[in-house]
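Numbering-wise (numbering that gives the first Met the number 0), the sequence shown opens with residue 0 and increments by one.
Backbone N, C-alpha and C define an ideal beta-carbon position, used for all residues, glycine too.
Below: one structure, written as structure tokens.
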Amino acid sequence: MTAKIDYEEDIRQRFVMLHLAWENAHGRRKHDPTLELRGYLHILAGINAIWNGISESKHYRYINPNYQLDSGLSIGICRCICDILINTHPKYSIPESLAAELMEVTIDLLERHICADVNEDQIVIKSFENVIHILCLKSYKAYEVADRSVNSYAKLTDDLDGSVFQDLIDVIGPCTAYRDYVSSEDFDEIPDYWANDLYRGIEIDHFEHMGCDLCWGPNSPENIALKEIREEQARKVPRSKEKP
């Protein structure tokens, strides 16, 4: 008889290593924000690869994407990207190639969430929207990626399930339109770097991952491993000789 598998927990654990990579990337900000952003690109690509693999695997044939299973990873990475580009390093010039790659993977993740996630979440959508918005403003190459996506989705809105593509246009389209607006000769104000009210006016003054239950909770792989290491070390310590 095949053992019953907790698929949700199985998927959740696949994100643990990416959570630890998140903590490692965050520590690089003081030295070089480009290194931190490149780390976030790798993590977002890893999230995307996990969901791509799950969608292709017969093992998970009855499972639909559910971004809640990454335990706040997607939302947190988006928040950190925006924190760099808006708050801690507002004058930083992100490399065009890096910005374009971040835009591509962010739009891929947004598309999967809107088109396939069983629990559509406005916080997830707004998080991706904020990244798309700030990348459009900070990078022309990233703006071009977003603009091409809007144009490609527009051609699909008349298909059988065209409503989801319109939903994508409704998120990405205003970001590219705002870039066009602030680039015009008539615009002489300070741009609004936030696409929505998710974090606008809020100071991001802490690294929320340090309290992550997936990584540091009592039943997390890391805490279980630390317990095993301590027990292993205790067994290696020779017992003190008993006094006669």
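Give the single residue among the options whose Cα lies nearest to the Cα of residue i.
i: Ile-201; options: Glu-227, Lys-235, Arg-78; result: Arg-78
i: Cys-174; options: Phe-127, Thr-156, Ser-162; result: Phe-127
i: Pro-190; options: Leu-197, Lys-137, Thr-156, Val-149; result: Lys-137
i: His-88; options: Ser-73, Thr-33, Asn-51, Thr-156; result: Thr-33
i: Leu-36; options: Asp-82, Gln-232, Val-144, Ile-122; result: Asp-82
i: Pro-94; options: Leu-40, Asn-129, Val-123; result: Leu-40
i: Asp-107; options: Leu-197, Ile-171, Ser-96; result: Ile-171
i: Tyr-196; options: Lys-125, Ser-96, Glu-8; result: Per the sequence presented here, residue 196 reads as Asp, with Tyr not at that position. The candidate whose alpha carbon is nearest that of Asp-196 is Lys-125.
i: Ser-96; options: Leu-17, Asp-116, Leu-134; result: Leu-134
i: Asn-86; options: Met-16, Tyr-192, Lys-226; result: Tyr-192
i: Leu-17; options: Ala-153, Ala-44, Asn-150, Asp-146; result: Ala-44
Evaluate residue i with the Cβ neighbour count: other Cβ atoms within 10 Å of its Cβ, from every protein chain shown; 16 or more gives buried, anything less gives exposed.
i: His-132; result: buried
i: Arg-178; result: buried
i: Tyr-91; result: exposed
i: Glu-241; result: Any reading at Glu-241 needs caution, since the residue's pLDDT is 48, under 50, leaving its predicted position unreliable; the model's value is listed next. By the neighbour-count rule (16 or more Cβ atoms within 10 Å), Glu-241 is not buried but exposed.
i: Tyr-142; result: buried
i: Glu-230; result: exposed
i: Val-144; result: buried
i: Lys-235; result: exposed
i: Thr-1; result: Because the pLDDT at Thr-1 is just 46, under 50, the model does not fix this residue reliably, and the value given afterwards should be weighed accordingly. Per the 10 Å Cβ criterion, exposed.
i: Ser-148; result: buried
i: Lys-228; result: Sequence check: residue 228 is Ile here, not Lys. It counts as exposed.
i: Tyr-139; result: exposed
i: Glu-110; result: buried
Within a Cβ cutoff of 8 Å, which residues of the same chain sit near residue i, ignoring the five residues on either side of it in sequence?
i: Phe-14; result: Ile-46, Ile-49, Leu-68, Asp-69, Ser-70, Leu-72, Leu-213
i: Tyr-180; result: Phe-186
i: Glu-119; result: His-112, Ile-113
i: Val-266; result: The first residue shown for the chain is 0 and the last is 243, placing residue 266 beyond what the model contains.
i: Val-117; result: Asn-63, Pro-64, Asn-65
Between residue i and the rest of its own chain, which residues show a CB-CB distance below 6 Å, the 5 nearest in sequence each way excluded?
i: Arg-246; result: Summary: the structure shown does not reach residue 246, with the chain confined to residues 0 through 243, and so no result is reported for it.
i: Ser-54; result: none
i: Val-130; result: Cys-77, Ile-80, Thr-105
i: Ala-20; result: Ile-42
i: Ile-10; result: Leu-68
i: Gln-165; result: Thr-156
For residue i, which residues of its own chain have a beta-carbon under 7 Å away from its beta-carbon, when the five flanking residues on both sides are left out?
i: Val-123; result: Tyr-66, Ser-73, Ile-74, His-112
i: Tyr-244; result: It is not possible to answer for residue 244, since the shown part of the chain is limited to 0 through 243.
Inset, instruction - Would you check if there are 3 or more beta carbon pairs closer than 8 Å linking the region 83–102 to the region 58–74? - result: no
Legend entry - Ordered list of alpha helix (DSSP H) runs contained in the region 96–165, each at least 4 residues: 121–137, 139–153
Inset, instruction - Output the residue ranges of the alpha helix (DSSP H) runs that lie fully inside the region 1–43 and measure 4 residues or longer, sorted by chain position. - result: 6–12, 15–25
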